[in-house]
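For reference, the structure is listed below as structure tokens.
In UniProt numbering, the protein residues as written are 1 to 630.
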């Protein structure tokens, strides 16, 4: 036992010991004692040993431990009081934070309500703008359809106008060809008149010669000469009167034709002026249509800009909705965090109560109290950290509220600007609609005026064509009448020439009789000479008759040339040379020259049968009609 006490003192007192170490040493000694000692006094010795071991220094150790536990208890009580004070402060801070939280929630709810109101207003305005945009798009589509229909109508009218112009050009070409034919006919009539004049001149010359002969024969036979003079004077007067009448009729017909040509030229000029005015009006209408297209493109650009603004506003609204959702999520997260913190505060209070209860049992729960003190310190640090985080979150929420207020103000300004822009856009749309209606009215008035003018021009052109056709028919009738009159005049001239030949034969017979009666053989020689002369005169008269028949049989007046002595000479070599030169140079002629040559040779009808001919067609017709026949 003494050895155990020594061992206990040797193992405990020299070092810094604790009650755990004492308990361990006692357990080791007791186990050794139980293993080594036996007998009836074993347990008495053990009780004495425990009593001796617990007295003295172990007792002092226990007292020290009790004092230490008491001091720790007092310090823990102070710490608990300080913790309670801090808990009170934290509770006050929590109450203040709850008040601030309630205010923040109220403000947040107000902000959400304002945001909902703004969202409803934005949605209503967006729907209104979408409705306006849809109405504007419908109007634009209707305007585009109207423009397409107007363009189609303008194209139809342009096509009709081109058809009318082509018909008018064809009519003008036909009229020009008919005028050329009439000119060729008039030139043929003039040539015939010239031939008739030349024949009359030759007849006059022959009459003068015969008059001279009559003057010589008057001395011998006054009666026969007087009769011949009377007949000659009558024939001269008749021919002169007929020539004068033909000249008067031909001059009157030429004057009428000139007047008709002037009237037709004036009508054509009037029609050309009408066409130029119509072209100018069409150009003005096209320029107006182009201006309408430009204005419509500007309207489309404005509509696109408004759509872009609407898209930007929608994007901003969506971003605000996202921010509101994020704030709601943060609110939910903060509420969850506050619930966990409240739970932690309750746990801390429970732990404090447990610590108060266990402080009474300091000997048993000292380690637990230290551990709980450490946990309380950790909780305290966590509470401080959470309080700092809450303060930071509160500051962030305040900043977010300020940002939301700023955004709200900005949105209000943007809404005001959008309202102003909407009012401007509506005013612009109204003005543009008024302009479009005015332009539509102008287009309708222009179309009606163009239709009326075109109808008037078509009627005027039809009247001109009818008048030209009637004038052409009258000119053809007059030309036919003139040709008939010329044929009758030619027949009368032939009759007169036959009478002249008969008179000449009678005169020759009378001359021969007179010469045979007055003279002897000498007069017979003279009579022979006179007979020869009379025979030559007969031959010349026969040539004249043949030339007249040939001139009547041919249509072209250039086939015979009147000679000085009254006969007709055929200019074959000159015509052959001219034809050769024409064959060489006709390919160099212009279209107008070829048309003139064809109408000059009375091939105007074949030329009119060609519709819109080119130079190759006219050259083929020239070779077919003129060169092959020549």
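By construction, the Cβ of each residue, glycine as well, lies at the ideal position given by its N, Cα and C atoms.
Beta-carbon proximity of residue i to residue j, cut-off 8 Å
i, j, result
"residue 267", "residue 464", "yes"
"residue 461", "residue 164", "yes"
"residue 479", "residue 185", "yes"
"residue 118", "residue 411", "yes"
"residue 475", "residue 264", "no"
"residue 610", "residue 619", "no"
"residue 220", "residue 514", "yes"
"residue 432", "residue 299", "yes"
"residue 191", "residue 604", "no"
"residue 493", "residue 199", "yes"
"residue 599", "residue 253", "no"
"residue 496", "residue 235", "yes"
"residue 404", "residue 111", "yes"
"residue 420", "residue 143", "no"
"residue 246", "residue 485", "yes"
"residue 115", "residue 320", "yes"
"residue 625", "residue 457", "no"
Per-residue DSSP class, three states only, for residue i
i, result
"residue 560", "A caution first: residue 560 carries a pLDDT of 38, below 50, which makes its placement in the model unreliable, though a value can still be read off. Strand at residue 560."
"residue 601", "coil"
"residue 128", "helix"
"residue 235", "helix"
"residue 611", "coil"
"residue 152", "helix"
"residue 38", "coil"
"residue 500", "helix"
"residue 357", "helix"
"residue 375", "helix"
"residue 542", "With a pLDDT of only 44 at residue 542, under 50, the local geometry of the prediction cannot be trusted, and no value is derived from it."
"residue 168", "helix"
"residue 240", "helix"
"residue 219", "coil"
"residue 45", "helix"
"residue 628", "coil"
"residue 589", "coil"
Nearest-angstrom Cα separation, counted from residue j out to residue i
i, j, result
"residue 506", "residue 607", "54 Å"
"residue 316", "residue 134", "22 Å"
"residue 602", "residue 488", "22 Å"
"residue 42", "residue 51", "14 Å"
"residue 416", "residue 407", "14 Å"
"residue 23", "residue 82", "35 Å"
"residue 85", "residue 74", "16 Å"
"residue 147", "residue 174", "39 Å"
"residue 68", "residue 62", "9 Å"
"residue 443", "residue 308", "33 Å"
"residue 101", "residue 79", "31 Å"
"residue 612", "residue 592", "13 Å"
"residue 595", "residue 467", "24 Å"
"residue 449", "residue 171", "26 Å"
"residue 45", "residue 21", "23 Å"
"residue 329", "residue 138", "43 Å"
"residue 504", "residue 248", "32 Å"
"residue 454", "residue 590", "35 Å"
"residue 89", "residue 70", "28 Å"
"residue 283", "residue 121", "50 Å"
"residue 525", "residue 509", "Note on residue 525: pLDDT 45, under 50, position unreliable in the model; the coordinate value appears next. Going from the Cα of residue 525 to the Cα of residue 509 covers about 15 Å."
"residue 26", "residue 72", "26 Å"
"residue 213", "residue 255", "43 Å"
"residue 511", "residue 206", "18 Å"
"residue 49", "residue 38", "15 Å"
"residue 270", "residue 499", "57 Å"
"residue 65", "residue 30", "23 Å"
Check: residue i C-beta below 7 Å from any heavy atom of the ligand FAD
i, result
"residue 516", "Questions concerning the ligand FAD fall outside what the structure shown contains, since it holds no ligand whatsoever."
For residue j and residue i, believed in contact at Cβ under 8 Å, the rounded distance
i, j, result
"residue 310", "residue 129", "6 Å"
"residue 327", "residue 400", "7 Å"
Residue-chain proximity (residue i, chain D), Cβ-Cβ < 8 Å
i, result
"residue 165", "This model lacks chain D altogether, as it is built from one protein chain only."
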